[in-house]
Structure formats: structure tokens, C-alpha cells
Amino acid sequence: NAGVTQTPKFRILKIGQSMTLQCTQDMNHNYMYWYRQDPGMGLKLIYYSVGAGITDKGEVPNGYNVSRSTTEDFPLRLELAAPSQTSVYFCASSSLRTGQRNTEAFFGQGTRLTVV
Amino acid sequence: AQSVTQLGSHVSVSEGALVLLRCNYSSSVPPYLFWYVQYPNQGLQLLLKYTTGATLVKGINGFEAEFKKSETSFHLTKPSAHMSDAAEYFCAGMKTSYDKVIFGPGTSLSVIP
Chain X
1 NAGVTQTPKF RILKIGQSMT LQCTQDMNHN YMYWYRQDPG MGLKLIYYSV GAGITDKGEV
61 PNGYNVSRST TEDFPLRLEL AAPSQTSVYF CASSSLRTGQ RNTEAFFGQG TRLTVV
Chain Z
1001 AQSVTQLGSH VSVSEGALVL LRCNYSSSVP PYLFWYVQYP NQGLQLLLKY TTGATLVKGI
1061 NGFEAEFKKS ETSFHLTKPS AHMSDAAEYF CAGMKTSYDK VIFGPGTSLS VIP
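Here the protein sequences come in this chain order: X and Z. What the first sequence shows, in my numbering, is residues 1 to 116, in sequence order. What the second sequence shows, in my numbering, is residues 1001 to 1113, in sequence order.
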């Protein structure tokens, strides 16, 4: 299994540009998450999803949008990039199913985004 | 709301010394708890996890953690630090098996030769 795959690994955007960070998982996990990690800081939750068609805001959702049309994919959209969105973005997934104990969150390798 | 706190944003230890990274949680019920490690320029990987059962949990690379309900703690320890242990460590938890994962702010571990 590939686990959680994020693309691209690196990207430089100009202010005002838009882009989509892709995340896909092949573990049939129902929970998926997007975090950002700023230098020397911990993880901040941007958005999460408990299943296809269901998304919810995390701590820092402003400037981002998500969708969850399938179990596997959870793309993160930046509509008008700003320098404050320069960060490393991590996608993660975990399994929460009735009658089963939760598993830990599995992480992608991250996308390093710079907005100039 | 549930929270996870980590005491000390930066910890330095000498090579061969004991590693102790602190984690406390707030929850009305015994939670599921995790420790993750992040090496420079890499993603997070699971070190160990506590769900139910034995309160002393052993993980990879010689790390272990003990769940202490009375202290609401889940501290991470390793008897002897190695240079390769230098990394960022995150404690995480969830209140129930139907909850999302909440991360602590992280502790950066430096190992001094």
C-alpha cells in the first residue's frame, strides 16, 4: 500500500494565484485531515472530513477550501494565495468505523509551499 | 474541549542520557493517546500508541510511554539518548474512537554529543 500520498512536494506561488494540493489515501480510511506547520510551530488543523461528502473547519480554515467527493481523495484549495500561507502542509488519514477501535493517523510526506 | 499539552517546547539531553518528554491531556474519559516523531524535512511517523489494556506502551527505537490516568499524563521516555533521536516529537490524542485526532504543540529534542 502507498498509504497517504501528497502532491506536489514543493511549490512556489505568486501572491493572488490559486492552486490545489492533492491528497489521496488507499487505506479506506474515513477520516482525513489537512494540517499546516509553520517553522518551529506545531500542527494546526485547517479542515477535516469524516467521510465522503462531509467536511468541517479546523482551527485555521480561512483562505482555504476542501472537498471530499470520494473516500480516497481530499484536495485542499488555495484561492488567492497570500504570503501568510507559506508553510508546510500535511495531509493525514485515520480510520473510525463502528465497532472498531480507531487507528492512528497516517501522514503524507508534506507539501512545502512558498508564496512570494 | 479536549486538549493535549506538552511541557517544554525544546529539550536538550546529552548522548546516553535519559530522554523524558512530557505530555498531558484533558479528557473526561480515558482517551486514545499517541506519540509521533518528525525528523527534519519529513512527515510524521507513529512512535507508539495507547488504546486500552497495558498502561506501559513500548514503541519503536527504544521509546516507551506510560499512561497515568490519575495524572492525566502520557510521558515519553527512552533510557539512553542517541544522536539519531534528535527530532520533533508530538503527543496526540482523541477522546473517543469516534473523535478526530488532536495534536500537542510539539517538543524539539536536541541530543548533545
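For every residue, glycine included, the Cβ atom is placed at its ideal position computed from N, Cα and C.
Is it true that the CB of residue j sits closer than 8 angstroms to the CB of residue i?
| i | j | result |
| --- | --- | --- |
| M1083/Z | P1040/Z | no |
| G1106/Z | Q1006/Z | yes |
| S93/X | Y31/X | yes |
| F90/X | G1043/Z | yes |
| E79/X | S18/X | yes |
| H1075/Z | A1065/Z | yes |
| L76/X | I54/X | no |
| V66/X | W34/X | yes |
| F1063/Z | Y1050/Z | no |
| Q85/X | G63/X | yes |
| A52/X | V1101/Z | no |
Taking the beta strand (DSSP E) that residue i falls in, what are its first and last residues?
| i | result |
| --- | --- |
| N65/X | 64 to 66 |
| Q37/X | 31 to 37 |
| K1078/Z | 1073 to 1078 |
| L1018/Z | Run containing L1018/Z: none; DSSP gives neither H nor E here. |
| F90/X | 87 to 94 |
| T1107/Z | 1107 to 1112 |
| W1026/Z | With the sequence shown as reference, residue 1026/Z is identified as Ser, and Trp is not the correct amino acid for it. Taken as a continuous stretch (DSSP letters only), the beta strand (DSSP E) holding S1026/Z covers 1024 to 1026. |
| A1065/Z | 1064 to 1068 |
| L80/X | Neither: L80/X is in no beta strand (DSSP E) and is coded neither H nor E. |
| S1003/Z | 1003 to 1005 |
With which residues is residue i paired in a DSSP beta bridge?
| i | result |
| --- | --- |
| D26/X | Its beta-bridge partners do not exist; DSSP assigns none. |
| Y48/X | Y33/X, D56/X |
| G1093/Z | L1033/Z, I1102/Z |
| R11/X | L113/X |
| L1048/Z | W1035/Z |
| H1010/Z | S1108/Z |
| D73/X | T24/X |
| Q1042/Z | In DSSP, Q1042/Z forms no bridge with anything. |
| A1081/Z | None, per the DSSP bridge assignment. |
| Q6/X | C23/X |
Could you give the distance in angstroms between the alpha-carbon of residue i and the alpha-carbon of residue j?
| i | j | result |
| --- | --- | --- |
| Y1032/Z | S1110/Z | 27 angstroms |
| G99/X | S49/X | Only weak support is given to the placement of G99/X: the predicted model assigns it a pLDDT of 49, under 50, and the question is left unresolved by the model. |
| L1021/Z | V1057/Z | 15 angstroms |
| Y1025/Z | T70/X | 33 angstroms |
| I12/X | A81/X | 10 angstroms |
| A1017/Z | S1080/Z | 5 angstroms |
| Q109/X | K1069/Z | 33 angstroms |
| L1073/Z | W1035/Z | Residue identity differs from the one stated: residue 1073/Z is Ser in this sequence, not Leu. Using only the alpha carbons, I get a separation of about 12 angstroms. |
| V115/X | S1012/Z | 33 angstroms |
| L1046/Z | V1037/Z | 6 angstroms |
| F1090/Z | G16/X | 33 angstroms |
| G1104/Z | V60/X | 15 angstroms |
| K1078/Z | C1023/Z | 14 angstroms |
| T24/X | R68/X | 10 angstroms |
My assumption, with CB atoms under 8 angstroms, is that residue i sits in contact with residue j. Please give the rounded CB distance.
| i | j | result |
| --- | --- | --- |
| Q22/X | Q37/X | 18 angstroms between Cβ atoms; not a contact. |
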